[in-house]
Amino acid sequence: MAFESLASRLQSAFDKLRGRGKIDEASVNEAMREVRLALLEADVNFKVVKDFVARVKERAIGQDVLKSLTPGQMVIKVVNEELTELMGGNVAKIAVAPKAPTVVMMVGLQGAGKTTTTGKLAKYLQKQNRKPLLVACDIYRPAAIKQLQVLGGQVGAPVFALGDKVSPVEIAKQALEHAKANHLDYVLLDTAGRLHIDEALMDELKQVREVAKPDEILLVVDAMTGQDAVNVADSFNQQLELTGVILTKLDGDTRGGAALSVKAVTGKPIKFAGMGEKLDALEPFHPDRMASRILGMGDVLSLIEKAQEAVDEEKAKQMEKQMRQGEFTFDMFLDSMQQMRKLGPLEDLLGMLPGMNKMKDLKVDEKQLGRTEAIVQSMTKAERANPDLLNANRRKRIAAGSGTTVQEVNRFIKQFEEMKKMMKQFSGMSDKMNKKMNKL
Ligand code: GDP
């Protein structure tokens, strides 16, 4: 998980304060020394760390904290608020032009994830009932145009390309006309990237900016590159006046420095975070939720939002009704497992629950889950509905079909029966609860 070592270091600094009835200036200073080291180690910009620690100290040593009943908690609250502020405070929305189309210019160095992110952004906008046009302005990287066309095909968004012989400026100009004529309301310009910032690149980007008059210039930077990401953001911002930043690869084990310093150094908000290679792995960046995650307070809100997006509501309702009646079949088990899977890797999900990132040993065995799925898939329809049919012969056949052993099949069926029993107890309990609640 991203931020893992930062999170655990900050939490251990605070564990010493938490729960103490009384703390004094010296113990706040001590904790802040550890916070300072943790941030520096996470590759947060030196000046940003200095200012951050000074602000927290000033507030923490102020009367409110030391006199409060739970001073340890108060210090953590102050750190949480300041971390949120550091990353931009409020969530920054993508611009909407008063007159369509809204033009978004995507810029960034090669390999940062610009083209992928352009595809992700198209998908994100479509979910908001927008009609984006993807524009291939990167005429230098041979595969870039094709890559954008493939992405467009995957998300079902039109792609505007004129090959690699027409200048990016001309492509942008014609793309705008195309969008207007076809009533498309977002134009996403995938511009060229280089390995390093150079003058020719900047000149070209400035020319594209001149004709396209973008409402947003979003810089895509790779969070894994830490301080470099911040330096790149700073240079691009000076040359092009960015409106925002998209940090990619926050799903990796980035130390977090970029996320914590970009806003402070450039003054430009992080608008989105890339959380994986898949097209739906783009999230609006919520500074408050990110701060909670870093401090081990979990991010239940994001978890709920993810669930709402991934879960098929009709199916869920139907399943809830069946479970209430104490019914639980292998098919239902398979369905619920597949819906959970849609949410992403289970370990990431667990990381969003408060306190969970402390439980380092908690490893979800995704392979094992796959085997379990295969076992259910090797059952016939009748067997899935009625476990009583599963005699020794059938179990043998299922083991062979799923590439597992009879022992594994037996173990799973036993677990399933336990689950079913529990489900029955719960459904009884919730009925009673409902009756009680209705009486109130
Ligand atoms: P470009 O040169 O900036 O256009 O970069 P690409 O869009 O081609 O992306 C470079 C690589 O980064 C590809 O392998 C992408 O799949 C990968 N990538 C992009 N965004 C993310 C992300 O948020 N997480 C992860 N894990 N990989 C990403």
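Counting from 1, one number per residue, gives the positions in the sequence shown under UniProt numbering.
Glycine included, every Cβ here is placed at the ideal spot set by N, Cα and C.
Please read these numbers as outputs of a predicted model, since none were measured by experiment.
Identify the residues that DSSP records as bridge partners of Glu283: which are they? Counting from one through the sequence shown, the residue named residue 283 turns up at place 283. Note: Glu283 sits in a beta bridge opposite Ala273.
Can you find a heavy atom of ligand 1 that lies under 8 Å from the Cβ of Asp251? In the sequence shown, counting from the first residue as 1, residue 251 sits at position 251. With a threshold of 8 Å, the Cβ atom of Asp251 counts as near ligand 1, since some heavy atom of the ligand is closer than that.
What would DSSP say about Glu247, mapped onto helix, strand or coil? Looking up residue 247 in the sequence shown gives position 247. According to the sequence provided, residue 247 is Leu. The question's Glu does not apply to it. In the three-state scheme derived from DSSP, where H, G and I count as helix and E and B as strand, Leu247 is classed as strand.
For Met105, is the beta carbon positioned less than 8 Å from some heavy atom of ligand 1? Start at 1 with the first residue of the sequence shown, and residue 105 comes out as number 105. Checking the Cβ of Met105 against ligand 1 gives no.
Counting only runs of 4+ residues fully inside the stretch 6-58, write out the alpha helix (DSSP H) ranges in chain order. Positions of the alpha helix (DSSP H) runs, each at least 4 residues long and wholly inside the stretch 6-58, are given as 25-41 in order along the chain.
CB of Tyr186 within 9 Å of CB of Leu260, strictly: Mapped onto the sequence shown, residue 186 falls at position 186. Mapped onto the sequence shown, residue 260 falls at position 260. By the CB criterion at 9 Å, Tyr186 and Leu260 fall outside the cutoff.
Give the single residue among Ala92, Thr70, Val28 whose Cα lies nearest to the Cα of Val245. Within the sequence shown, the letter at position 245 stands for residue 245. Shortest Cα-Cα distance from Val245 to any of Ala92, Thr70, Val28 involves Ala92.
Kindly identify the DSSP beta-bridge partner or partners of Met106. Indexing the sequence shown from 1 puts residue 106 at position 106. When beta bridges are read from the DSSP output, Met106 appears opposite Asp190, Leu218.
Run the proximity test for Leu343: is its beta-carbon closer than 8 Å to any non-hydrogen atom belonging to ligand 1? The residue labelled residue 343 in the question sits at position 343 within the sequence shown. No, ligand 1 has no heavy atom inside 8 Å of this Cβ.
With distance defined between alpha-carbon atoms, name the residue in Gly156, Leu148, Gln154, Val75 nearest to Gly163. Taking the first residue of the sequence shown as 1, we reach residue 163 at position 163. Residue nearest to Gly163 within the set Gly156, Leu148, Gln154, Val75 is Leu148 (criterion: CA-CA distance).
For Pro142, count the other beta carbons within 10 Å of its own beta carbon; 16 or more makes it buried, fewer makes it exposed. Which is it? Position 142 of the sequence shown, counted from the start, is the residue given in the question as residue 142. Burial state of Pro142 is exposed, judged by a 10 Å Cβ sphere holding fewer than 16 other Cβ atoms.
Three-state secondary structure (DSSP) of Val311: Along the sequence shown, read from residue 1 onward, the residue named residue 311 stands at position 311. Here DSSP, grouped into helix, strand and coil, assigns Val311 to coil.
Put Asp164 into one of helix, strand or coil per three-state DSSP. The sequence position of residue 164 within the sequence shown is 164, counting from 1. Looking at Asp164 - three-state DSSP - the assignment turns out to be strand.
Out of Asn393, Gln318, Gly296, Glu283, which one is the CA nearest neighbour of Lys306? Locating residue 306 in the sequence shown gives position 306, counting from the first residue. Comparing Cα-Cα distances from Lys306 to each of Asn393, Gln318, Gly296, Glu283, the minimum goes to Glu283.
Can you find the residues in the same chain that come closer than 6 Å, C-beta to C-beta, to Asp331, ignoring five residues on each side of it along the sequence? The residue labelled residue 331 in the question sits at position 331 within the sequence shown. Annotation for Asp331: Arg384 place their beta carbon closer than 6 Å to its own, counting only its chain and skipping 5 residues before and after.
Answer with buried or exposed for Phe46, where buried requires no fewer than 16 other C-beta atoms within 10 angstroms of its C-beta. Here residue 46 corresponds to residue number 46 of the sequence shown, with the count starting at 1. Under a 10 Å Cβ-count criterion, Phe46 is classified as exposed, with fewer than 16 other Cβ atoms of the shown protein chains found around its own Cβ.
What is the DSSP secondary structure of Pro132, counted as helix, strand or coil? As a working mapping, residue 132 is identified with position 132 in the sequence shown. Residue state, collapsed to three classes: strand.
Evaluate the contact criterion for the stretch 225-232 versus the stretch 114-124: three or more CB pairs, one atom per stretch, below 8 Å. The stretch 114-124 and the stretch 225-232 do not touch, with fewer than three beta-carbon pairs separated by less than 8 Å.
Report buried or exposed for Arg33, applying the criterion of at least 16 other Cβ atoms within 10 angstroms of its Cβ. The sequence position of residue 33 within the sequence shown is 33, counting from 1. Looking at its Cβ environment, which holds fewer than 16 other Cβ atoms inside 10 Å, Arg33 is exposed.
Identify whether Val91 lies in helix, strand or coil by the three-state DSSP scheme. Numbered from 1 along the sequence shown, position 91 holds the residue referred to as residue 91. Correct three-state label for Val91: coil.
Helix or strand or just coil, what does DSSP make of Val159? The residue labelled residue 159 in the question sits at position 159 within the sequence shown. Val159: strand per DSSP, three-state reduction.
Is any non-hydrogen atom of ligand 1 found closer than 8 Å to the C-beta of Gly274, if you look at the structure I gave you? Position 274 of the sequence shown, counting from 1, holds the residue named residue 274. Between ligand 1 and the CB of Gly274, the shortest heavy atom gap is smaller than 8 Å.
Between the Cα of Ser5 and those of Leu39, Val155, Leu17, spot the shortest distance and give me the residue it belongs to. Sequence index remark: in the sequence shown, residue 5 carries index 5 (1-based). Among Leu39, Val155, Leu17, the Cα nearest to that of Ser5 is on Leu39.
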